[in-house]
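Chemist: Chains as they are written, first to last, in numbering that gives the first Met the number 0: chain W, 0 to 401; chain S, 0 to 401.
Virtual Cβ for every residue (Gly too), placed ideally from N, Cα, C.
Sharing a structure here in structure tokens format.
2 protein chains.
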Amino acid sequence: MPAQGWWYGNRPLDREAVRVPRTDSKTLDALVVGAGAIGLACAWRAAQRGLRVAVIDREAPGSGATSVAAGMLAPIGEASWGEQALLDLNLASAKLYPGFVAELESASGRAVDYRRCGALHVALDRDESEELRRRHELQGSLGLDARWLRPRACRELEPGLATAVTAGVHAPDEGEVDPRALVAALVAAVERAGVEPIAGAGAVEAILEGDRLAGVRTAGGDELRAARTVLACGWWSGAAEWLPPRARPPVRPVKGQIISLRGPEDEPLCERIVASQWVYVVPRADGRVIVGATVEERGADLTVTAGGVHELLREAYRVLPDIAELEFTAAVAGLRPGTPDNAPLIGHGALNGLVLATGHYRNGILLAPITAEAVAALVAGEEPPPVSEGFGIERFEGVATL
Amino acid sequence: MPAQGWWYGNRPLDREAVRVPRTDSKTLDALVVGAGAIGLACAWRAAQRGLRVAVIDREAPGSGATSVAAGMLAPIGEASWGEQALLDLNLASAKLYPGFVAELESASGRAVDYRRCGALHVALDRDESEELRRRHELQGSLGLDARWLRPRACRELEPGLATAVTAGVHAPDEGEVDPRALVAALVAAVERAGVEPIAGAGAVEAILEGDRLAGVRTAGGDELRAARTVLACGWWSGAAEWLPPRARPPVRPVKGQIISLRGPEDEPLCERIVASQWVYVVPRADGRVIVGATVEERGADLTVTAGGVHELLREAYRVLPDIAELEFTAAVAGLRPGTPDNAPLIGHGALNGLVLATGHYRNGILLAPITAEAVAALVAGEEPPPVSEGFGIERFEGVATL
């Protein structure tokens with residue numbers, strides 16, 4: 000077993016916490032492949048049911064799509080035409096969040112900076128106003144709490160807004176969480192729940208017993224046997240060469256770039272999430288500000304580009320000009336997992352014993368609680384929540400994959 | 000003596016090279032305070048004359064203004080109205096560059112990436128065209144080699160230029176050098192010349208003998224006695240609290256931000272320096288590109304700001320749109336030393352034994368060779384080159400300082 004410690008950011012976790020899994024004697028109930036927000040949440044919920052669980056990752060926890068997530072919990076802003084089932088899933092997960100966070104903070108002893116701060120979507124010209132109006136009508140028809148505001152009312156909510164703002168929609172129930180803090184808390188909670196995390200352990204070979212997936216062999220040569228193997232490795236799920244081709248889900252990498260800024264804690268740039276058609280600005284309670292995110296179909300490219308940084312700064316500056324004064328602390332690129340319809344894959348895979356928890360695209364942080372509920376039920380042999388039905392691999396049958 | 004090694008960037012220099020200066024027995028001929036490009040060049044040239052020299056710095060070599068220098072050697076582009084003496088100084092130093100570099104590379108065994116690549120100054124609208132035309136007329140009246148180009152001719156030189164370019168001025172003699180490579184070579188040359196570099200050694204107290212400056216005491220408690228003390232610590236020269244107030248030169252920090260990009264070596268963004276009224280783009284032979292620089296009067300503030308990065312990217316993108324594809328590798332802020340007229344201070348200071356080599360503002364890299372010639376002559380008790388006369392402290396007598 001590779002003796003690497005778990006890392007999150009620059010902080011090495013306690014080496015004592017890296018334990019060799021007790022797999023010699025017994026088969027796991029669930030092996031989770033991928034230690035992002037999704038995989039860790041699934042592992043935690045499964046372990047809470049008394050299941051014997053392990054989670055492996057070839058890299059550090061949260062180093063995939065989680066590392067470029069802004070942590071917006073904004074199902075209303077994400078609502079789009081013809082996506083009722085996805086909206087319901089997003090709303091269900093958002094509803095779970097307060098309880099999920101309270102339980103996680105208690106279980107881990109760590110804060111995750113969850114805030115139901117609300118979101119203000121603004122338009123900056125006539126075209127954007129019309130688009131915002133269309134979205135607001137959709138939100139109204141779906142019974143969502145989203146209130147149309149005139150420019151002056153927008154600036155009363157957020158005095159830092161550009162004077163060019165022509166209209167806004169305020170969704171007071173939207174929230175945010177710090178994805179890094181979330182992952183750190185999940186790592187702690189998972190460990191406290193007795194789950195054995197193994198870093199630096201990528202899956203390299205499936206253990207197949209006929210049509211049944213019975214576990215994986217890792218890059219370190221270890222054999223991890225499990226009744227269920229949960230595929231939760233983000234975009235990499237679609238490139239899982241260790242799985243038989245027909246069992247690989249149609250997931251592609253979708254590049255995103257975000258930038259991190261820092262301002263004074265006592266003089267926040269804005270109080271709530273502020274978004275235009277082109278950018279979102281997520282303020283943290285401590286003065287940090289995340290600006291995201293580009294959406295680029297460039298394959299598995301992790302280059303931070305001048306164009307990406309420029310576009311994010313330009314659009315953020317259009318909305319909140321005071322952003323110019325903030326400290327520029329980082330620009331990061333990451334890869335989100337996208338499916339053909341950009342909705343997640345939650346359900347049984349194309350092999351017996353394979354469970355899918357991937358394809359969460361731009362909403363992995365939001366969808367972690369509901370995905371974890373569904374996956375924990377599936378690995379326990381129970382019924383998942385009805386709202387998560389319809390997100391299985393079946394919907395892509397007959398669809399040409401990557 | 001603090002035992003810290005010399006650092007340049009992330010590369011610790013050979014600890015063997017950190018020698019305790021032989022100051023116990025004898026007084027130095029020259030003590031240079033400040034190990035930027037200017038201080039190191041002065042120390043090197045002085046040591047070459049057989050003088051006994053030491054150079055100290057509270058930080059690593061080149062960590063001041065040098066760290067945000069793009070390395071443009073562009074006296075023609077810098078030419079401005081009513082600054083004939085400064086133009087002559089800039090031209091004289093540019094003329095010294097090929098020989099200075101050849102000698103330095105030979106003495107240090109290191110390349111400094113000097114290229115006489117030329118510069119193309121472009122305009123992007125009618126106002127900028129008129130300003131460029133005025134500058135070109137000035138350049139013509141001064142007999143400088145700067146050629147007016149129509150848009151098509153500009154794009155023949157630099158095919159990556161934006162189609163919005165309305166005019167250009169080509170100055171084929173302008174050049175560039177890599178300031179980091181220059182400093183690393185100067186450190187090596189200085190060491191080979193027997194100069195004892197001491198890092199982590201800020202001056203904290205003047206050793207005064209009547210009206211004569213006889214050396215300094217350092218933060219480490221060491222006493223360094225010298226016949227001449229060369230003040231070459233950039234903007235910090237004006238904040239030298241260890242000097243009597245009347246001996247502190249009027250030098251203020253002028254903040255600059257630059258960004259570093261990287262593109263493919265075999266497909267350069269541009270062949271020569273490309274500048275607009277608002278930005279300059281300096282390509283290196285290895286595919287790196289430096290975009291500079293903001294000029295901000297904010298005191299000693301080293302914050303990289305969203306506004307600074309945005310402005311540089313926006314203006315660079317206006318000129319060379321392909322910049323969007325380049326990798327964004329760094330954004331850095333630094334402080335240039337500015338005098339009341341933004342021309343350098345080269346000459347004797349207000350105390351006997353004090354020599355000034357500071358205030359080089361945006362042209363420290365360009366002016367290093369001529370400054371070093373002048374300072375080496377002054378510490379040797381010789382006449383400096385006539386072109387460097389007129390840059391003494393006398394010109395600010397009666398002027399209110401900072």
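(1) Scan the stretch 312-344 of chain S for residues whose Cβ lies nearer than 7 angstroms to a Cβ of chain W and list them as they occur along the chain.
(2) In the DSSP assignment, find the beta strand (DSSP E) that holds R224(W) and state where it starts and stops.
(3) Relative to chain W, which residues along the stretch 288-309 of chain S have a C-beta separation below 7 angstroms, given in chain order?
(4) Here's the rule: buried if 16 or more other CB atoms are within 10 angstroms of the residue's CB, otherwise exposed. What is W80(W)?
(5) Do you know whose CA, among P248(S), E77(S), L103(S), G98(S), lies nearest A118(S)'s CA?
(6) So which residues on chain W does L260(S) lean against when the C-beta distance must stay under 8 angstroms?
(7) Express the C-alpha separation of R335(S) and A212(S) in angstroms, rounding to a whole number.
(8) For the stretch 386-395 of chain W against the stretch 53-64 of chain W, are there 3 or more C-beta pairs whose distance is under 8 angstroms?
(9) State the beta-bridge partners of S259(S) as determined by DSSP.
(10) Tell me whether the stretch 311-320 of chain W and the stretch 295-302 of chain W touch, counting them as touching only if at least three CB pairs, one residue from each stretch, are closer than 8 angstroms.
(11) Tell me where the beta strand (DSSP E) around E208(S) begins and ends.
(12) For S105(W), does the count of other Cβ atoms within 10 angstroms reach 16, so buried, or fall short, so exposed?
(13) Check whether the Cβ atoms of T357(W) and S236(W) lie closer than 7 angstroms to each other.
(14) Thinking just about the alpha-carbon of each residue, which of L365(W), G352(W), A373(W) is nearest to the one in A226(W)?
(15) Looking at chain A, is there any beta carbon in it that lies within less than 7 angstroms of the beta carbon of V229(W)?
(16) Can you have a look at P178(W) and say buried or exposed, based on whether 16 or more other CB atoms are within 10 angstroms of its CB?
(17) Our contact map puts L242(W) next to A205(W) with C-beta atoms below 8 angstroms; I'd like the distance itself, whole angstroms only.
(18) Considering only residues of the stretch 267-326 of chain W, which uninterrupted alpha helix (DSSP H) runs meet the minimum length of 4 residues and lie entirely inside it, listed in chain order?
(19) Could you tell me the alpha carbon to alpha carbon distance between E388(W) and E382(W), rounded to whole angstroms?
(20) Okay, do the stretch 285-301 of chain S and the stretch 91-106 of chain S touch, 3+ Cβ pairs below 8 angstroms being the bar?
(21) Could you spell out where the alpha helix (DSSP H) holding T370(W) opens and where it closes?
(22) Per DSSP, what are the beta-bridge partners of L344(S) in this structure?
(23) Looking only at C-alpha atoms, which of Q276(W), G38(W), D28(W) sits nearest to L344(W)?
(24) For R308(W) versus V273(W), is the C-beta spacing smaller than 7 angstroms?
(25) C41(S) and V253(S): beta carbons closer than 7 angstroms?
(26) Please name the residue in R154(S), A342(S), A200(S), G333(S) whose C-alpha comes closest to that of R271(S).
(27) Tell me whether the beta-carbon of T217(S) lies closer than 7 angstroms to the beta-carbon of A200(S).
(28) When the Cα atoms are used, what is the spatial distance from G214(S) to I197(W)?
(29) Whose C-beta lies closer than 6 angstroms to the C-beta of S107(S) among residues of the same chain, with five residues either side of it excluded?
(30) Are the beta-carbon atoms of V435(S) and P97(S) separated by less than 7 angstroms?
(31) Do you know how far the Cα of F327(W) is from the Cα of A180(W)?
(32) Among all the DSSP beta bridges, which residues are the ones paired with H169(W)?
(33) Here's the rule: buried if 16 or more other CB atoms are within 10 angstroms of the residue's CB, otherwise exposed. What is E173(W)?
Modeler: The structure says:
(1) L312, R313, Y316, I322, A323, E324, L325, E326, F327, A330
(2) Taking the first residue of the first sequence as position 1, residue 224(W) is located at position 225. Segment 222-230, the beta strand (DSSP E) holding R224(W).
(3) T302, V303, T304, A305, G306, V308, H309
(4) Taking the first residue of the first sequence as 1, we reach residue 80(W) at position 81. Exposed, because fewer than 16 other Cβ atoms sit within 10 Å of the Cβ of W80(W).
(5) Counted from its first residue, the second sequence places residue 118(S) at position 119. That would be E77(S), whose Cα lies nearest to the Cα of A118(S).
(6) Along the second sequence, one-based indexing puts residue 260(S) at 261. Simply A305.
(7) Your numbering for residue 212(S) matches position 213 in the second sequence. Your numbering for residue 335(S) matches position 336 in the second sequence. Note that residue 212(S) corresponds to Leu in the displayed sequence, not to Ala. Computed Cα separation, rounded: 26 angstroms.
(8) no
(9) What you label residue 259(S) is simply residue 260 of the second sequence in a count that begins at 1. Answer is I289(S), A329(S).
(10) no
(11) Within the second sequence, residue 208(S) is the residue found at index 209, counting from 1. Taken as a continuous stretch (DSSP letters only), the beta strand (DSSP E) holding E208(S) covers 202-208.
(12) Translated into the one-based positions of the first sequence, residue 105(W) becomes position 106. In the assembly as shown, S105(W) is an exposed residue. Its beta-carbon has fewer than 16 other beta-carbons within 10 Å.
(13) The residue labelled residue 357(W) in the question sits at position 358 within the first sequence. The residue labelled residue 236(W) in the question sits at position 237 within the first sequence. Result yes, Cβ atoms of T357(W) and S236(W) sit closer than 7 angstroms.
(14) The count along the first sequence starts at 1 and reaches residue 226(W) at position 227. The residue with the shortest Cα to Cα distance from A226(W) is G352(W).
(15) Absence of chain A from the displayed structure is noted, the protein chains being W and S.
(16) Position 179 of the first sequence holds residue 178(W). Result: buried.
(17) For this step, residue 242(W) is matched to residue 243 along the first sequence. For this step, residue 205(W) is matched to residue 206 along the first sequence. Indeed they touch by this definition, with Cβ atoms about 6 angstroms apart.
(18) 305-318
(19) Here residue 388(W) corresponds to residue number 389 of the first sequence, with the count starting at 1. Here residue 382(W) corresponds to residue number 383 of the first sequence, with the count starting at 1. The alpha-carbon of E388(W) is positioned some 10 angstroms away from that of E382(W).
(20) no
(21) By one-based count along the first sequence, residue 370(W) stands at place 371. Start and end: 363-378.
(22) To locate residue 344(S), count along the second sequence from 1; it is residue 345. DSSP output for L344(S) lists T357(S) as bridge partner(s).
(23) Taking the first sequence and counting its residues from 1, the one referred to as residue 344(W) is at position 345. Checking every option, the nearest Cα to that of L344(W) belongs to G38(W).
(24) Mapped onto the first sequence, residue 308(W) falls at position 309. Mapped onto the first sequence, residue 273(W) falls at position 274. Per the sequence shown, the amino acid found at residue 308(W) is Val instead of Arg. It is not a contact, given that the beta carbons lie outside the stated cut-off.
(25) What you label residue 41(S) is simply residue 42 of the second sequence in a count that begins at 1. What you label residue 253(S) is simply residue 254 of the second sequence in a count that begins at 1. In this structure, V253(S) does not lie closer than 7 angstroms to C41(S) by Cβ.
(26) Here residue 271(S) is taken as the residue at index 272 of the second sequence, counted from 1. The shortest C-alpha separation from R271(S) is found at R154(S).
(27) Here residue 217(S) refers to the residue found at position 218 of the second sequence. Here residue 200(S) refers to the residue found at position 201 of the second sequence. A contact, by the Cβ cut-off of 7 angstroms.
(28) By one-based count along the second sequence, residue 214(S) stands at place 215. By one-based count along the first sequence, residue 197(W) stands at place 198. If I take the Cα positions, the gap works out to 60 angstroms.
(29) Counting from 1 along the second sequence, the entry for residue 107(S) is found at position 108. Leaving aside the five residues that flank S107(S) on each side, the residues in its chain whose CB is nearer than 6 angstroms to its CB run, in chain order, A184, A187, A188.
(30) Residue coverage of chain S in this structure runs from 0 to 401, which leaves residue 435(S) outside it and unanswerable.
(31) Counting from 1 along the first sequence, the entry for residue 180(W) is found at position 181. Counting from 1 along the first sequence, the entry for residue 327(W) is found at position 328. Distance between the alpha carbons of A180(W) and F327(W): 20 angstroms.
(32) Counting from one through the first sequence, the residue named residue 169(W) turns up at place 170. L119(W), R146(W), per the DSSP bridge assignment.
(33) Numbered from 1 along the first sequence, position 174 holds the residue referred to as residue 173(W). Here E173(W) is buried. Its C-beta has 16 or more other C-beta atoms within 10 Å.
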